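Everything on this sheet refers to the single structure shown next.
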Amino acid sequence: MKIIIYMFIFISLFSACDQSRGSYPAQVMWGDVIYSESAETVPSKDIGEQIGETNKRVHPLPKNNGEANSAEVGSKLYRIVGEDQQKAIAIKKGDVYFKATH
Numbered sequence: 001m002k003i004i005i006y007m008f009i010f011i012s013l014f015s016a017c018d019q020s021r022g023s024y025p026a027q028v029m030w031g032d033v034i035y036s037e038s039a040e041t042v043p044s045k046d047i048g049e050q051i052g053e054t055n056k057r058v059h060p061l062p063k064n065n066g067e068a069n070s071a072e073v074g075s076k077l078y079r080i081v082g083e084d085q086q087k088a089i090a091i092k093k094g095d096v097y098f099k100a101t102h
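With full-length UniProt numbering, letter number 94 in the sequence shown gets 94, and the count goes up by one each step, no holes.
Here it is in structure tokens:
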């Protein structure tokens, strides 16, 4: 019985050790604003000029302009026509534009 208890304690402690890789929201930082990525897509007709691109992938959360924790390095960032850039931008992943909001 003691062996089972010790095994349970050991497994519990071992599985709780790596909490640093927890779940974090997908985010990108640009223009000193942190944007949270969404699953909402933006039609290409609503895409404005390119404002930048990601230059570093980080974990857990971005702290500097150009950093992202989900988007790949080199992902293009765009204005969204009719949207305030301080509130929303688009991130191009593959051939799809995803909305990211502040």
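Ideal Cβ positions, reconstructed from N, Cα and C, are used throughout, including at glycine.
Keep in mind it's a predicted model, so treat the numbers as computed, not measured.
DSSP state of residue i mapped onto helix, strand, coil
| i | result |
| --- | --- |
| LYS63 | coil |
| SER36 | strand |
| LYS87 | coil |
Best match in the options for proximity to residue i [C-alpha to C-alpha]
| i | options | result |
| --- | --- | --- |
| MET29 | VAL96, LYS93, GLN50, LYS56 | LYS56 |
| PRO60 | ARG79, VAL96, PRO25, PHE98 | PRO25 |
| GLU72 | ASN64, THR54, ALA100, THR101 | THR54 |
| ASP95 | HIS102, THR101, SER75 | SER75 |
| TYR97 | GLU49, VAL33, ILE34 | GLU49 |
| GLN27 | GLN86, GLY82, LYS63 | LYS63 |
| VAL33 | ALA90, ILE91, ASN65 | ASN65 |
Pairwise C-alpha distance: residue j and residue i
| i | j | result |
| --- | --- | --- |
| SER44 | ILE80 | 9 Å |
| GLU37 | LYS99 | 6 Å |
| VAL58 | GLU67 | 7 Å |
| ASP84 | TYR78 | 12 Å |
| ASP46 | GLY82 | 8 Å |
Environment of residue i [buried if 16+ CB atoms lie within 10 Å]
| i | result |
| --- | --- |
| ALA39 | exposed |
| LYS87 | exposed |
| ALA16 | Low confidence applies to ALA16: its pLDDT is 47, below 50, so where it sits in the model is not reliable, and the reading given next is rough at best. Answer is exposed; the Cβ neighbour count stays below 16. |
| SER23 | exposed |
| LYS92 | buried |
Residue-level contact to chain B via CB, residue i, 8 Å cutoff
| i | result |
| --- | --- |
| GLN86 | Among the chains of the structure shown, chain B does not appear; only one protein chain is present. |
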